[in-house]
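Numbering (this note's numbering), first residue to last: 209 to 464.
Beta carbons: idealized from backbone N, C-alpha and C, even for Gly.
Here the structure is a predicted model, which means the values were calculated and not measured.
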Amino acid sequence: MTTVPDHYDQLLAEHYTWMLGGDIEALAAAQRDLLTELGVAGGPAGALAVDLGCGPGHTALALADLGFAPVLAVDFSRPLLDELTAHAAGRAAVRPVRADLRTALPELVRPGTAELVVCLGDTLTHLPTRGDVAALLNHVADALVPGGTAVLSYRDLTVPLTGTDRFLPVRATADRIMTCFLEYPRDYDDYTVLVHDLVHTRPGPGEDWTLRTGSYRKLRLARSWVLEQCRTAGLRVTADRVERNGLTTTVLRRPG
209 MTTVPDHYDQ LLAEHYTWML GGDIEALAAA QRDLLTELGV AGGPAGALAV
259 DLGCGPGHTA LALADLGFAP VLAVDFSRPL LDELTAHAAG RAAVRPVRAD
309 LRTALPELVR PGTAELVVCL GDTLTHLPTR GDVAALLNHV ADALVPGGTA
359 VLSYRDLTVP LTGTDRFLPV RATADRIMTC FLEYPRDYDD YTVLVHDLVH
409 TRPGPGEDWT LRTGSYRKLR LARSWVLEQC RTAGLRVTAD RVERNGLTTT
459 VLRRPG
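Structure, rendered in structure tokens:
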């Protein structure tokens, strides 16, 4: 088992865009549609947006296309940030930043200056502790302008999956197959879930398959707990729903 940053650097980063579907521009278009549906717009000229856990950058690209500038795209993975830099050519608003999500907002954003902060794609569950999640939500509230917006998405893994339901196919193509399975270790009670990623690859049809694996812990965050932490941080919940892919999406406002 490795830490989350090591797991990404050693295994997931090189497969991440493929695992999402492989087409960054199509993914950015889907994010634009989602954010527009959630009522997110670019706002006034010079509206600052922050994408926490940006990965290869599809959300950051969407935010730039929606009119936000600058867009701070924050992640701990150098390979994913390098990929984002390539994808963002021609979108000057996007500024990739390598930083720890736990300290990124107070280090990079002056209080009360961000129109929007997003933390999508289950990023919250990658933080080491629930205390880190609560602290991050306070940082989000501090960073937002009065009336500013935050959007979160995360997966509630508090109800253990059992039997074969623990095995989750991610994606399969002719030369690559990815599956993950979950364990609920007793040593951490209900605090974390142990995620095992299995990636089979082969150079071409008829060639032998190679298996690479990695494991890391994710937080188990109850939806009710996350909502309570948002309110404690001074953020007003304006929308909260579970998407078809199982992610919970929450839209928040800092009171104006």
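Residue ranges of each alpha helix (DSSP H) run of no fewer than 4 residues wholly in the stretch 222-266, ordered along the chain?
List check, alpha helix (DSSP H) in window: 224-228, 232-245.
Apply the 10 Å Cβ neighbour rule to Ala-255 and answer buried if 16 or more other Cβ atoms are within range, or exposed otherwise.
Counting Cβ neighbours within 10 Å, Ala-255 comes out buried, since at least 16 surround it.
Local conformation of Arg-439 per DSSP, three classes
Residue state, collapsed to three classes: helix.
Please list, in chain order, all residues of the same chain as Ala-277 whose beta carbon is under 6 Å from its beta carbon, the five residues on each side excluded.
Leaving aside the five residues that flank Ala-277 on each side, the residues in its chain whose CB is nearer than 6 Å to its CB run, in chain order, Ala-301.
Spatial neighbours of Val-378 within its chain, please: CB distance less than 7 Å, with the 5 preceding and 5 following residues excluded, ordered by chain position.
Only Met-227, Met-386, Thr-387, Cys-388 meet the Cβ criterion.
Can you tell me which residues form a DSSP beta bridge with Met-209?
Bridge partners of Met-209: none, in fact.
Stretch pair the stretch 325-335 + the stretch 426-441: three plus CB contacts closer than 8 Å:
Taking 8 Å as the limit for Cβ pairs, the verdict is that the stretch 426-441 does touch the stretch 325-335.
Measuring alpha carbon to alpha carbon, tell me which of Arg-318, Glu-291, Ala-343, Asp-383 ends up nearest Gly-442.
Closest option to Gly-442, Cα to Cα, is Ala-343.
Which one of Val-445, Ala-296, Leu-455 has the shortest CA to CA distance from Ile-232?
The option with the nearest alpha carbon to Ile-232 is Ala-296.
Short of 8 Å in beta carbon distance, which residues of its chain neighbour Gly-356, apart from the five on each side in sequence? Order them along the chain.
Excluding sequence neighbours, Gly-356 sits near Ala-322, Glu-323, Leu-324, Val-325, Arg-461, Arg-462.
Measuring only the C-alpha atoms, how far is Arg-449 from Asp-398?
In this structure, the alpha-carbon of Arg-449 lies about 23 Å from that of Asp-398.
Compute the Euclidean distance between the alpha carbons of Arg-286 and Leu-220, then round it to the nearest angstrom.
Taking the straight line joining both Cα atoms gives about 12 Å.
Consult DSSP for Ala-281 and reduce its assignment to one of helix, strand or coil.
In this structure, Ala-281 counts as strand in the three-state DSSP scheme.
Since Asp-259 contacts Leu-280 with CB under 8 Å, what's their CB separation in whole angstroms?
Their Cβ separation, rounded to whole angstroms, is 7 Å, which keeps Asp-259 and Leu-280 in contact under 8 Å.
Whole beta strand (DSSP E) runs in the stretch 364-425 with 3 or more residues, listed along the chain?
Segments of the beta strand (DSSP E) lying fully in the stretch 364-425: 375-381, 384-391, 400-409.
Check for me: the alpha helix (DSSP H) holding Leu-460 runs from which residue to which?
DSSP places Leu-460 outside any alpha helix (DSSP H); the residue lies instead in the beta strand (DSSP E), whose first and last residues are 455-461.
Looking at Trp-226 and the ligand NAP, is the gap between the Cβ and the nearest heavy atom below 6 Å?
The ligand content of the structure shown is nil, which means the ligand NAP is not present either.
Given this structure, state the Cα-to-Cα distance separating Ala-349 from Pro-264, to the nearest angstrom.
Annotation: Ala-349 to Pro-264 spans about 25 Å, alpha carbon to alpha carbon.
Taking a contact to mean a Cβ-Cβ separation below 7 Å, would you say Val-459 touches Thr-440 in this structure?
Contact flag unset, no.
For a test of the three-state rule: what should DSSP assign to Leu-274, helix, strand or coil?
Here Leu-274 sits in coil by DSSP.
How far does the alpha helix (DSSP H) with Ala-351 in it reach, from first residue to last?
Per DSSP, Ala-351 belongs to the alpha helix (DSSP H) from 338-351.
Rounded to whole angstroms, what is the Cα-Cα separation between Gly-339 and Ala-257?
If I take the Cα positions, the gap works out to 24 Å.
Go through its chain and collect everything with a Cβ distance to Thr-366's Cβ below 6 Å, but skip five positions before and after it.
Closer than 6 Å at Cβ, skipping near neighbours: Arg-428, Ala-430.
Let's see if you can read the secondary structure: which residues bound the beta strand (DSSP E) around Ala-294?
In the DSSP annotation of this structure, Ala-294 is not part of any beta strand (DSSP E); the continuous alpha helix (DSSP H) holding it starts and ends at 286-295.
Reducing DSSP to helix, strand and coil, say where Glu-451 ends up.
Shown here, Glu-451 sits in coil according to DSSP, grouped into three states, outside any helix or strand.
Residues near Ala-236 in its chain [Cβ-Cβ closer than 6 Å; skip 5 each side]:
Within the same chain, Ala-236 has close Cβ partners His-266, Leu-269, Ala-270.
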